[in-house]
Amino acid sequence: MAERGGGVYKRLERPYTRRSSRVPRKGYVKGIPGSKIHMFEAGDPKRNFSIELSLVPEEPAQIKHNALEAARIAANKQLSNSGLPYFLKVRVYPHQVLRENPLATGAGADRFQEGMSRAFGKPIGTAARVKRHQKILSVRVDQNALAIAKDALRRAKMKFPVKCRVIVENLKESKQK
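Under this note's numbering, the residue at position 79 of the sequence shown is numbered 276, and the numbers go up by one with no gaps.
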(Lines of atoms letter the chains of each structure in order from A and count residues from 1; the text may use other names and numbers.)
(Lines give C-alpha, C1' and ligand atoms only; values in the text may rest on other atoms or scores of the structure.)
Protein backbone atom coordinates (compact mmCIF):
# COMPACT_ATOMS: atom_id res chain seq x y z
CA MET A 1 0.00 0.00 0.00
CA ALA A 2 1.33 3.45 -0.89
CA GLU A 3 2.07 6.01 1.80
CA ARG A 4 -0.53 8.69 2.37
CA GLY A 5 0.33 12.34 1.69
CA GLY A 6 1.56 14.72 4.38
CA GLY A 7 -1.57 16.88 4.16
CA VAL A 8 -3.57 14.05 5.76
CA TYR A 9 -1.63 14.45 9.00
CA LYS A 10 -1.09 18.21 9.11
CA ARG A 11 -3.98 18.94 11.51
CA LEU A 12 -3.12 19.23 15.21
CA GLU A 13 -5.68 16.90 16.72
CA ARG A 14 -4.98 15.04 19.91
CA PRO A 15 -4.77 11.38 18.88
CA TYR A 16 -7.00 8.79 20.48
CA THR A 17 -5.22 7.19 23.42
CA ARG A 18 -6.52 3.86 24.61
CA ARG A 19 -6.69 3.63 28.41
CA SER A 20 -7.28 0.41 30.25
CA SER A 21 -7.13 -0.10 33.99
CA ARG A 22 -7.36 -3.88 33.65
CA VAL A 23 -4.63 -4.28 30.99
CA PRO A 24 -2.30 -1.24 31.15
CA ARG A 25 0.10 -2.50 28.46
CA LYS A 26 -2.60 -2.04 25.80
CA GLY A 27 -2.33 1.73 26.19
CA TYR A 28 1.24 1.91 24.83
CA VAL A 29 2.18 2.41 21.19
CA LYS A 30 4.52 -0.43 20.32
CA GLY A 31 7.01 -0.59 17.47
CA ILE A 32 7.55 3.09 16.72
CA PRO A 33 9.39 3.40 13.39
CA GLY A 34 12.70 5.24 13.39
CA SER A 35 13.09 8.77 12.11
CA LYS A 36 14.19 9.18 8.50
CA ILE A 37 16.18 12.33 9.27
CA HIS A 38 19.82 11.31 8.89
CA MET A 39 21.55 14.59 9.80
CA PHE A 40 20.26 17.60 11.67
CA GLU A 41 23.26 19.81 10.84
CA ALA A 42 25.27 20.27 7.64
CA GLY A 43 28.04 22.61 6.64
CA ASP A 44 30.52 24.57 8.78
CA PRO A 45 29.13 25.13 12.33
CA LYS A 46 32.18 26.95 13.73
CA ARG A 47 32.41 29.74 11.17
CA ASN A 48 30.98 33.18 11.99
CA PHE A 49 28.37 34.05 9.37
CA SER A 50 26.70 37.41 8.89
CA ILE A 51 23.14 36.37 7.92
CA GLU A 52 20.69 33.73 9.16
CA LEU A 53 17.66 32.74 7.07
CA SER A 54 14.90 30.68 8.69
CA LEU A 55 11.85 28.90 7.34
CA VAL A 56 8.75 29.52 9.50
CA PRO A 57 5.17 28.21 9.02
CA GLU A 58 2.21 30.56 8.70
CA GLU A 59 -0.04 28.31 10.83
CA PRO A 60 0.42 25.46 13.33
CA ALA A 61 0.81 22.02 11.74
CA GLN A 62 2.36 18.58 11.90
CA ILE A 63 5.23 17.86 9.52
CA LYS A 64 6.10 14.23 8.79
CA HIS A 65 9.66 13.04 9.26
CA ASN A 66 10.09 12.15 5.59
CA ALA A 67 8.99 15.67 4.58
CA LEU A 68 11.63 17.13 6.93
CA GLU A 69 14.28 14.88 5.39
CA ALA A 70 13.20 15.76 1.84
CA ALA A 71 13.39 19.48 2.65
CA ARG A 72 16.82 19.08 4.24
CA ILE A 73 18.12 17.20 1.19
CA ALA A 74 16.72 19.79 -1.23
CA ALA A 75 18.23 22.73 0.66
CA ASN A 76 21.55 21.00 1.32
CA LYS A 77 21.96 20.02 -2.33
CA GLN A 78 21.40 23.59 -3.51
CA LEU A 79 23.80 25.03 -0.92
CA SER A 80 26.57 22.47 -1.38
CA ASN A 81 26.51 22.80 -5.19
CA SER A 82 27.13 26.55 -4.85
CA GLY A 83 30.58 25.98 -3.37
CA LEU A 84 30.12 28.80 -0.83
CA PRO A 85 30.38 28.22 2.95
CA TYR A 86 27.09 27.67 4.82
CA PHE A 87 25.57 26.06 7.91
CA LEU A 88 22.18 24.32 7.69
CA LYS A 89 20.26 23.15 10.76
CA VAL A 90 16.95 21.28 11.15
CA ARG A 91 15.44 22.84 14.28
CA VAL A 92 12.51 20.50 15.00
CA TYR A 93 12.41 16.83 15.97
CA PRO A 94 9.57 14.44 15.03
CA HIS A 95 8.23 13.15 18.38
CA GLN A 96 4.55 12.66 17.56
CA VAL A 97 3.72 9.05 16.59
CA LEU A 98 1.32 8.75 13.64
CA ARG A 99 -1.00 5.73 13.52
CA GLU A 100 -3.20 4.34 10.80
CA ASN A 101 -5.93 1.73 10.81
CA PRO A 102 -5.42 -0.14 7.53
CA LEU A 103 -8.67 -1.39 6.01
CA ALA A 104 -8.65 -4.53 3.87
CA THR A 105 -10.12 -4.44 0.38
CA GLY A 106 -10.94 -7.13 -2.13
CA ALA A 107 -12.97 -10.33 -2.15
CA GLY A 108 -13.66 -11.81 1.27
CA ALA A 109 -12.26 -8.83 3.19
CA ASP A 110 -15.39 -8.59 5.33
CA ARG A 111 -14.79 -12.07 6.81
CA PHE A 112 -11.50 -11.25 8.56
CA GLN A 113 -11.71 -7.49 9.04
CA GLU A 114 -12.78 -5.86 12.28
CA GLY A 115 -13.59 -2.47 10.73
CA MET A 116 -13.55 0.38 13.24
CA SER A 117 -13.91 -1.78 16.34
CA ARG A 118 -10.63 -1.75 18.29
CA ALA A 119 -9.26 0.74 15.73
CA PHE A 120 -6.15 1.83 17.64
CA GLY A 121 -4.04 1.68 14.49
CA LYS A 122 -0.48 0.67 13.77
CA PRO A 123 2.39 3.19 13.92
CA ILE A 124 3.34 4.31 10.41
CA GLY A 125 5.74 7.16 11.16
CA THR A 126 6.47 10.22 13.26
CA ALA A 127 5.79 13.93 12.88
CA ALA A 128 7.04 17.18 14.35
CA ARG A 129 4.43 19.51 15.78
CA VAL A 130 5.27 23.09 14.87
CA LYS A 131 3.70 26.30 16.11
CA ARG A 132 3.03 29.40 14.08
CA HIS A 133 6.29 31.29 13.33
CA GLN A 134 8.47 28.54 14.87
CA LYS A 135 11.75 28.01 13.02
CA ILE A 136 11.83 24.73 11.11
CA LEU A 137 15.03 25.08 9.07
CA SER A 138 17.80 27.65 9.48
CA VAL A 139 20.65 28.51 7.13
CA ARG A 140 23.61 30.70 8.06
CA VAL A 141 25.54 32.29 5.19
CA ASP A 142 27.59 35.34 4.30
CA GLN A 143 26.17 38.30 2.37
CA ASN A 144 27.40 37.04 -1.02
CA ALA A 145 25.39 33.77 -0.71
CA LEU A 146 22.07 35.36 0.30
CA ALA A 147 20.30 34.71 -3.03
CA ILE A 148 21.43 31.07 -3.10
CA ALA A 149 20.24 30.48 0.47
CA LYS A 150 16.84 32.04 -0.30
CA ASP A 151 16.47 29.76 -3.30
CA ALA A 152 17.49 26.73 -1.20
CA LEU A 153 14.80 27.50 1.40
CA ARG A 154 12.27 28.14 -1.37
CA ARG A 155 12.92 24.61 -2.63
CA ALA A 156 12.69 23.23 0.91
CA LYS A 157 9.34 24.84 1.70
CA MET A 158 7.73 23.06 -1.24
CA LYS A 159 8.12 19.80 0.68
CA PHE A 160 5.94 20.89 3.61
CA PRO A 161 2.12 20.57 3.87
CA VAL A 162 1.80 24.11 5.29
CA LYS A 163 2.51 27.55 3.86
CA CYS A 164 5.90 28.83 4.98
CA ARG A 165 7.90 32.00 4.55
CA VAL A 166 11.56 32.90 4.80
CA ILE A 167 12.73 35.40 7.43
CA VAL A 168 16.16 37.02 7.25
CA GLU A 169 18.14 38.08 10.33
CA ASN A 170 21.40 40.01 10.35
CA LEU A 171 23.69 38.27 12.87
CA LYS A 172 26.33 41.01 13.03
CA GLU A 173 23.87 43.67 14.24
CA SER A 174 22.23 41.40 16.85
CA LYS A 175 25.62 40.57 18.42
CA GLN A 176 26.49 44.27 18.77
CA LYS A 177 23.35 45.07 20.76
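All residues carry an ideal CB built from backbone N, CA and C; glycine is no exception.
What you are looking at is a predicted structure, and each value in this text was computed from that prediction instead of being measured.
Residue of the options minimising C-alpha distance to residue i
i	options	result
P358	V338, D348, Y225 and P254	P254
K286	R296, G228, V226 and A271	A271
K328	Y290, V294 and G322	Y290
I260	K354, E370, V220 and L368	K354
V363	V220, S232, I248 and Y206	I248
A344	S279, E256 and H330	S279
N273	H330, A346, N367 and G202	A346
E256	V226, L368 and C361	C361
V205	N367, R351 and A324	A324
Euclidean distance between Cα positions of residue i and residue j
i	j	result
A349	R222	45 angstroms
Q340	I234	29 angstroms
E210	P320	16 angstroms
P230	V220	24 angstroms
S232	Q293	11 angstroms
R208	N263	17 angstroms
H330	E370	22 angstroms
S218	M236	40 angstroms
Cross-strand partners of residue i (DSSP beta bridge)
i	result
F284	G240 and R337
Close-in-space but distant-in-sequence residues of the same chain around residue i (CB under 8 angstroms, 5 per side omitted)
i	result
A267	K356
P282	G240, D241, R244, F246, V338, D339 and A342
Nonlocal neighbours in the same chain, by C-beta distance under 6 angstroms from residue i, ignoring five residues either side
i	result
V365	L250
Sequence-distant residues of the same chain with beta carbon closer than 7 angstroms to residue i, five excluded per side
i	result
G318	R296, E297 and N298
P288	The amino acid occupying residue 288 in the given sequence is Arg; Pro does not appear at that position. Only K332, I333, L334 and S335 meet the Cβ criterion.
Chain B contact for residue i (CB, 8 angstroms cutoff)
i	result
V336	Of the protein chains in this structure there is only one, and it is not chain B.
Cβ-Cβ separation, residue j to residue i (assumed contact under 8 angstroms), whole Å
i	j	result
Q275	R352	6 angstroms
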